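In this note's numbering, the protein residues as written are 1 to 267.
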Amino acid sequence: METGFTSPGPLIVQIGGFAVRWYSLLILAGIIAGTLLSQRLAPERKVAPEVLSDLVVWLVVGAIPMARLYYVLFEWQRFAGEPWWKVFAIWEGGIAIHGAILGGLLAGWLFCRRNGYSLLTMMDLAAPGLILGQAIGRWGNFFNSEAYGAPTNLPWKLLIPETNRPPGMAAFAYYHPTFLYESLWNLGVLALLLFGFFRFKNLQPGSIACLYALAYSVGRFWIEGLRLDSLMVGPLRTAQLVSLAGIVLGAVGLWWFNRRSARQGAP
């Protein structure tokens, strides 16, 4: 008898035309959990917790539309022949975290500029909450039977319904649960960020955000190589290209802040 992960489906409950979906619920849970964590960290950087509540509203408003826009731009062919409103059907899945990060960065910059806060400090406070939210939100892919890898017979394999399998692979039932790999990786990144946050209190503003970019991007680059349903730019995986940029920016940022800090502390 075959064993492995099997999704119960995307719906929690449906009454007539009203449906509650696991994907939406998990995104909401990730936002709430991430906000609470960032609020808990805020006093450590002499920021009032309610400031993070205000910031999160801006981040969500900026992140979710950009996450959907990013996805639609790279997967436009999937919407050909579909009703126009499907472009906005975010509750059915189809958002990209890199688009969300870009949108959140823009919204965060506007928030800090308008209210006189340090963008780097806010990024450091938001990063642990963001990676926690990502770890939770990834499970939405499980219920939607998406974000999976190549066929496998490992004990933790994921059953993908035939309608969700890639063209030409209908005979393969079980695949790598890459959503699970990334969720676990993200929890490891969270532990790393919290260790850095509390152990090295003299880190320059922006260091935790750079560590997030570096550590998350390393895992995402590896995991993306296992996936079969990635966003693509020609023959290249979009997320791997963006992850390479994240690795470089994160590493350079950490070096720059540490170098500047050491130079300022020199006699």
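Think of the CB as a built atom: it goes at the ideal place given N, C-alpha and C, for glycine as much as any other residue. All values reported here derive from a predicted model rather than from experimental measurement.
Check: Are there three or more Cβ pairs, one per stretch, closer than 8 angstroms when the region 139-148 is compared with the region 160-170?
Finding: Taking 8 angstroms as the limit for Cβ pairs, the verdict is that the region 160-170 does touch the region 139-148.
> Which of helix, strand or coil does DSSP assign to Arg277?
Replying inline: Residue 277 falls outside the range modelled here, since the chain spans only 1 to 267, and no answer is possible.
Exercise for the section: Leaving aside the five residues before and after Ala67 along the sequence, list all residues of the same chain whose C-beta is less than 6 angstroms from its C-beta, in chain order. Expected result: Hits under 6 angstroms: Ile95, Ala96, Gly99 and Ala100.
- request: Just tell me which of Leu159, Pro177, Thr178 and Gln240 has its CA closest to the CA of Ala170.
  value: Checked all of Leu159, Pro177, Thr178 and Gln240; the closest Cα to Ala170 is Leu159.
Once the 5 residues before and after Ala251 are set aside, which same chain residues still bring their CB inside 7 angstroms of it?
Within the same chain, Ala251 has close Cβ partners Leu214.
Self-check item: Rounded distance between the beta-carbons of Gly129 and Leu211, thought under 8 angstroms
Solution: Actually they are not in contact, since the Cβ atoms of Leu211 and Gly129 sit about 14 angstroms apart, beyond 8 angstroms.
Practice task
Can you say whether Phe197 is buried or exposed, counting buried as having 16 or more other CB atoms within 10 angstroms of its CB?
Solution key: The residue is buried, with at least 16 neighbouring Cβ atoms inside 10 Å.
inquiry  = Beta-carbon within less than 7 angstroms of Ala19's beta-carbon, same chain only, minus the 5 sequence neighbours each way: which residues are those?
reply    = Closer than 7 angstroms at the Cβ level, and outside the excluded window around Ala19, lie Leu11.
### Message
Once DSSP output is grouped into helix, strand and coil, what is the label at Ala19?
### Response
It is a strand residue.
Review point. Buried or exposed: Trp22, going by 16 or more other Cβ atoms within 10 Å of its Cβ?
Key: By the neighbour-count rule (16 or more Cβ atoms within 10 Å), Trp22 is buried.
Integer Cβ distance of Ala126 from Gly62, believed to fall under 8 angstroms:
Contact flag wrong, Cβ pair sits at about 12 angstroms.
Indicate whether the contact test is met: 3 or more Cβ pairs, each with one atom in the region 237-255 and one in the region 214-225, closer than 8 angstroms. The region 237-255 vs the region 214-225: in contact.
Next on the checklist: Within 8 angstroms, do at least three Cβ pairs link the region 110-121 to the region 75-92?
Outcome noted: Result no; under three Cβ-Cβ pairs closer than 8 angstroms.
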